[in-house]
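Participant:
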Amino acid sequence: MSRYLGLVLWLGLIVPVVAADAPRDPAEYFFHETFGDFREELATVRAEGKQGVLLMFEMDECPFCHRMKTTVLNQPDVQAFYREHFRIFPVDIEGDIEITDFNGETTTMKDFAFRQFRVRATPVFAFFDSDGNYIQKARFTGATRDKEEFLLLGRYVVDGAYREQTFTRYKRATR
2 MSRYLGLVLW
12 LGLIVPVVAA
22 DAPRDPAEYF
32 FHETFGDFRE
42 ELATVRAEGK
52 QGVLLMFEMD
62 ECPFCHRMKT
72 TVLNQPDVQA
82 FYREHFRIFP
92 VDIEGDIEIT
102 DFNGETTTMK
112 DFAFRQFRVR
122 ATPVFAFFDS
132 DGNYIQKARF
142 TGATRDKEEF
152 LLLGRYVVDG
162 AYREQTFTRY
172 KRATR
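Anchor point for the sequence shown: position 162 equals 163 in our numbering, and the numbering is continuous, going up by one each time.
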């Protein structure tokens, strides 16, 4: 009987560790909720001491967006890293939802994506510093190869390496 009790206790300790690494819904654990006012979000970024904002420009029928959400953005370590350093929001490039951009101008999601950032293919990951300045060197179009490359992209921004080199050179130097 004590052998079974030991096994049950041992399994009780192991199962939570395995469950902690299980994929989680990116809508709940990766992206933050927003009312669509990115100027307000910048104030939150500064108040929380975060690096900046990450926008994922996406669209519903995008297979690469789906792949990122089901293989990378659903990973707990990716979610923890990005939420520690950034406020993160999806932007539907076909969306008619009204938002307020980083300059305080009211626009729709699709105009914000197309006119301000020339997003034509998805996904596009766009980083902004805590003042709302676009970090163009860190823009990443398409799906990353894997979660390690996506984590490396985040470190590239957090470490400020974009000021000195391209992401491709950064990847070569860190591997």
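All C-beta atoms in this analysis are idealised placements derived from N, C-alpha and C, irrespective of residue type, glycine included.
For the beta strand (DSSP E) holding Arg88, just list the boundary residues, first then last.
Facilitator: Unbroken beta strand (DSSP E) run through Arg88: Phe87 to Asp93.
Participant: For Arg88, collect the residues of the same chain with a Cβ closer than 7 Å to its Cβ; drop the 5 residues on either side in sequence, then sort them by chain order.
Facilitator: Once the five neighbours on either side are set aside, the close Cβ partners of Arg88 are His33, Glu42, Thr45, Val46, Lys51 and Val54.
Participant: Can you tell me where the alpha helix (DSSP H) holding Thr169 begins and where it ends?
Facilitator: Looking at the DSSP string, the run of the alpha helix (DSSP H) that includes Thr169 is Phe168 to Thr175.
Participant: Can you say whether Ala162 is buried or exposed, counting buried as having 16 or more other CB atoms within 10 angstroms of its CB?
Facilitator: By the 10 Å Cβ count, Ala162 comes out buried.
Participant: In or out: Pro91 buried (at least 16 other Cβ within 10 Å) or exposed?
Facilitator: By the neighbour-count rule (16 or more Cβ atoms within 10 Å), Pro91 is buried.
Participant: Cα separation between Arg68 and Ala28?
Facilitator: Their Cα atoms are separated by approximately 14 Å.
Participant: If you check the beta carbons only, do Phe141 and Tyr157 fall under 7 Å apart?
Facilitator: No; because the gap between Cβ atoms is not below 7 Å, this pair is not in contact.
Participant: Please work out which residues of its chain come closer than 6 Å, Cβ to Cβ, to Leu154, disregarding the five sequence neighbours upstream and downstream, and give them in chain order.
Facilitator: The residues are Phe141.
Participant: Could you please give the first and the last residue of the uninterrupted beta strand (DSSP E) stretch that includes Ala127?
Facilitator: Where Ala127 is concerned, the enclosing beta strand (DSSP E) stretches over Val125 to Asp130.
Participant: Starting from the C-beta of Leu182, find all residues in its chain whose C-beta is less than 6 Å away, skip the five residues before and the five after it, and write them out in chain order.
Facilitator: Here the chain has residues from 2 to 176 only, and residue 182 is not among them.
Participant: Tell me whether Ile98 is buried or exposed, calling it buried when 16 or more other Cβ atoms sit within 10 Å of its Cβ.
Facilitator: Exposed, because fewer than 16 other Cβ atoms sit within 10 Å of the Cβ of Ile98.
Participant: Just to confirm my understanding: we take Lys172, look at its own chain, exclude 5 residues before and 5 after, and list those with CB closer than 7 Å. What are they?
Facilitator: Excluding residues within five positions, the ones whose Cβ falls inside 7 Å are Leu153.
Participant: Please go through the region 15 to 75 and give each complete alpha helix (DSSP H) segment of 4 or more residues, from N-terminal end onward.
Facilitator: Here the runs fully enclosed are 27 to 30, 39 to 49 and 64 to 72.
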